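Residue numbers (the numbering used here): 15 to 442.
We put the beta carbon where it would ideally sit given N, CA and C, even for glycine.
Remember, it's a predicted structure, so these values are computed and weren't measured experimentally.
Note sheet for the following structure.
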Amino acid sequence: MQRIALVGPCTHQRDFLDRLSSTGVVELDPVRPDIELAVVADRQPDWSDRELELRRRTAQAVPHGPVTALLGWTPAAALSEVTEALTPAGGAAVPLPPPPGVQPPTLLRQRGRGRSFEVLVQTYTTVPYADIDPALVAGLAYVAMFGMMFGDVGHGLLLLLGAVIVRSGRFARLAKLRPAWPFLAGAGVASIAFGVLYGEMFGPTGLIPVVWLSPVDDVIPLLLTALGVGAVLLGGAYGLGIVNRFREGGWAFALYARTGIAGALLFLALGCVAGGVYFGSGWLLVGAVVLGVAGLVLTFLGLLAATGGGGAGVLQAIVELFDVVVRLGSNVVSFARLAAFGLTHAALGAIVWQGTVALWDSGSVPGRLGAGLVLIAGTSIAFALEALVAGIQALRLEYYELFSRVFDTDGRPFRPWRLPAEDTEVTS
15 MQRIALVGPC THQRDFLDRL SSTGVVELDP VRPDIELAVV ADRQPDWSDR
65 ELELRRRTAQ AVPHGPVTAL LGWTPAAALS EVTEALTPAG GAAVPLPPPP
115 GVQPPTLLRQ RGRGRSFEVL VQTYTTVPYA DIDPALVAGL AYVAMFGMMF
165 GDVGHGLLLL LGAVIVRSGR FARLAKLRPA WPFLAGAGVA SIAFGVLYGE
215 MFGPTGLIPV VWLSPVDDVI PLLLTALGVG AVLLGGAYGL GIVNRFREGG
265 WAFALYARTG IAGALLFLAL GCVAGGVYFG SGWLLVGAVV LGVAGLVLTF
315 LGLLAATGGG GAGVLQAIVE LFDVVVRLGS NVVSFARLAA FGLTHAALGA
365 IVWQGTVALW DSGSVPGRLG AGLVLIAGTS IAFALEALVA GIQALRLEYY
415 ELFSRVFDTD GRPFRPWRLP AEDTEVTS
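Printed below as a string of structure tokens:
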């Protein structure tokens, strides 16, 4: 994003602003409150919204001899386009260095890989200008967590069918859902993959064999796997966080930030403790102590610097450090819900299937009709309920456990400036 000064002749300000608006690639700095109040106070009843905006920007322009200047932002690739548009009005776009301490606006992704998953990030925050956009990785993590909680080949195929229907655009009522079709498709593929591993197809019907484990029969291995998946995802989030902290404030900020190297050391210390206990390794426990002390010291110094020092600052830093440590353990444990809801989904499927088999084995016509009813109604209820729960829980893990480490601040979207349309009157 390029900081620019938009310079034009005083005698052609309106033509200059009109041409600038037509480019649609320049964001102007906000109008100062005193200018806004003065223009609004002088507003005449016959002024249109377009006229009012022209007067705002004319009043905002800084005069210097025969020219005036406005400040704003534009994508670096669009600089030549802006200059070309302003030249006929005697104007120009002059590149400027970005002002210190001011965050440039973020140009939201319009196309390319990860664009379909962008809404996942945008509903949490606008990616700061200096940060890496994790939309693609976040989307893949989301569907993987969803699939682990919703593992069933039959249910996954239903999600894929829903994705195809939504993407086709044949139903007007589903038009608003069309941007979400990649989520449905990805969730369907992930559900099918875990369904194959679990041996689930509309429940434990025996239509496919168990490749890995049964969520109902192998709870502990499933729980340990969920915690392992959580550890891997948290490690990736810390990695992205370190890169973003460096891009935001250099190595010092990346070193001392709780979502940077300091926090990552605490996370590694926790991993070494778990590994040392599991494998009975004293060296891992020693490494945990070293990493933990280093992480605690760096995190404390970073928190102390943020508070400004002093007695009150030290006390605040100690309280916040305690909170960081407590949250770190709870964050890992939070991923146990991947196993818990995977177990719940499998258990509901098992209940529906057992009820269906029991009624079918009765041999009577009413019993077999009831079996079909239980299978259809039970599967529909389990599908709708568990899909909703898995979707919400995957989103919760994405936001509270992962994005809270990837992002340390909010960005702001790039909003091109445009003049309101001309008022038109319809006469008969």
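Exposed unless 16 or more other CB atoms sit within 10 angstroms - verdict on residue i
i                 : result
valine 440        : The predicted model places valine 440 with a pLDDT of 41, which falls under 50 and marks its position as unreliable; any figure quoted below should be read in that light. By the neighbour-count rule (16 or more Cβ atoms within 10 Å), valine 440 is not buried but exposed.
serine 348        : buried
glutamine 74      : buried
proline 112       : exposed
tryptophan 297    : exposed
proline 119       : buried
leucine 387       : exposed
phenylalanine 293 : exposed
glutamate 67      : buried
tyrosine 414      : exposed
tryptophan 431    : buried
alanine 201       : buried
leucine 221       : exposed
isoleucine 275    : buried
phenylalanine 421 : buried
tyrosine 156      : buried
valine 21         : buried
serine 442        : Only weak support is given to the placement of serine 442: the predicted model assigns it a pLDDT of 36, under 50, and the value that follows is read from those uncertain coordinates. It counts as exposed.
glycine 316       : buried
glutamine 27      : buried
arginine 192      : exposed
isoleucine 390    : exposed
proline 434       : exposed
glycine 242       : exposed
proline 229       : buried
threonine 101     : exposed
glutamate 400     : buried
alanine 152       : buried
arginine 410      : exposed
isoleucine 206    : buried
arginine 57       : exposed
Nearest residue (CA-CA) to residue i, options the options
i                 : options                        : result
serine 394        : Ser130, Ile49, Leu172          : Leu172
valine 45         : Val54, Gly38, Val39            : Val54
threonine 97      : Ile18, Asp48, Asp60            : Ile18
valine 328        : Ala152, Gly343, Val311         : Val311
threonine 72      : Pro23, Ala91, Val116           : Pro23
aspartate 32      : Val76, Gly105, Gly306, Met15   : Gly105
valine 108        : Asp29, Gln16, Gln58            : Gln16
histidine 359     : Gly168, Gly301, Asp60, Glu95   : Gly168
leucine 51        : Val379, Asp29, Arg70           : Arg70
phenylalanine 216 : Leu411, Pro80, Thr25, Phe397   : Phe397
leucine 357       : Val300, Ser344, Cys286, Phe208 : Phe208
Start-to-end residues for the alpha helix (DSSP H) that takes in residue i
i              : result
valine 233     : 233-270
histidine 169  : 167-182
tryptophan 195 : 195-212
valine 307     : 296-321
valine 157     : 149-163
threonine 120  : Segment: none, threonine 120 is in no alpha helix (DSSP H) and carries neither H nor E.
proline 47     : 47-55
glutamine 330  : 324-348
serine 94      : 93-100
isoleucine 146 : Isoleucine 146 -> no alpha helix (DSSP H), and no H or E assigned at all.
glycine 14     : Summary: the structure shown does not reach residue 14, with the chain confined to residues 15 through 442, and so no result is reported for it.
Delimiting residues of the beta strand (DSSP E) encompassing residue i
i           : result
valine 39   : Segment: none, valine 39 is in no beta strand (DSSP E) and carries neither H nor E.
glycine 22  : 16-23
valine 225  : Looking at the DSSP string, valine 225 is not in any beta strand (DSSP E), and its letter there is neither H nor E.
valine 133  : Segment 132-136 is the alpha helix (DSSP H) holding valine 133; no beta strand (DSSP E) there.
glycine 377 : Run containing glycine 377: none; DSSP gives neither H nor E here.
leucine 84  : 81-88
proline 434 : Segment: none, proline 434 is in no beta strand (DSSP E) and carries neither H nor E.
proline 77  : 76-78
leucine 110 : 106-110
Whole-number beta carbon distance between residue j and residue i, since they are thought to touch under 8 Å
i                 : j           : result
tryptophan 367    : proline 218 : 6 Å
phenylalanine 281 : leucine 248 : 6 Å
leucine 284       : leucine 335 : That pair is no contact at about 15 Å.
alanine 354       : leucine 373 : That belief does not hold up - the Cβ atoms of alanine 354 and leucine 373 are roughly 29 Å apart, past 8 Å.
glutamate 8       : alanine 149 : In the structure as shown, the chain begins at 15 and stops at 442. Residue 8 is therefore absent and cannot be evaluated.
leucine 154       : valine 180  : Wrong, their Cβ atoms sit about 20 Å apart, outside the cutoff.
threonine 313     : valine 338  : 6 Å
alanine 308       : leucine 279 : 5 Å
request  = Determine, using beta-carbon pairs with one atom in the region 399-414 and one in the region 163-178, whether at least three such pairs fall under 8 Å.
outcome  = yes
Touch test, the region 28-46 against the region 70-86, Cβ-Cβ under 8 Å, three pairs minimum = Touching, per the Cβ criterion.
inquiry  = I want to know whether the region 247-266 touches the region 138-146 - three or more CB-CB distances under 8 Å.
reply    = Yes, since at least three Cβ pairs between the region 247-266 and the region 138-146 fall closer than 8 Å, the two stretches touch.
request  = Tell me, please, whether the region 262-278 touches the region 314-326 by the rule of three or more beta-carbon pairs shorter than 8 Å.
outcome  = yes
message = Within 8 Å, do at least three Cβ pairs link the region 129-143 to the region 422-438?
response = yes
message = Below 8 Å, how does it come out for the region 182-197 and the region 231-239: are there three or more Cβ pairs, yes or no?
response = no
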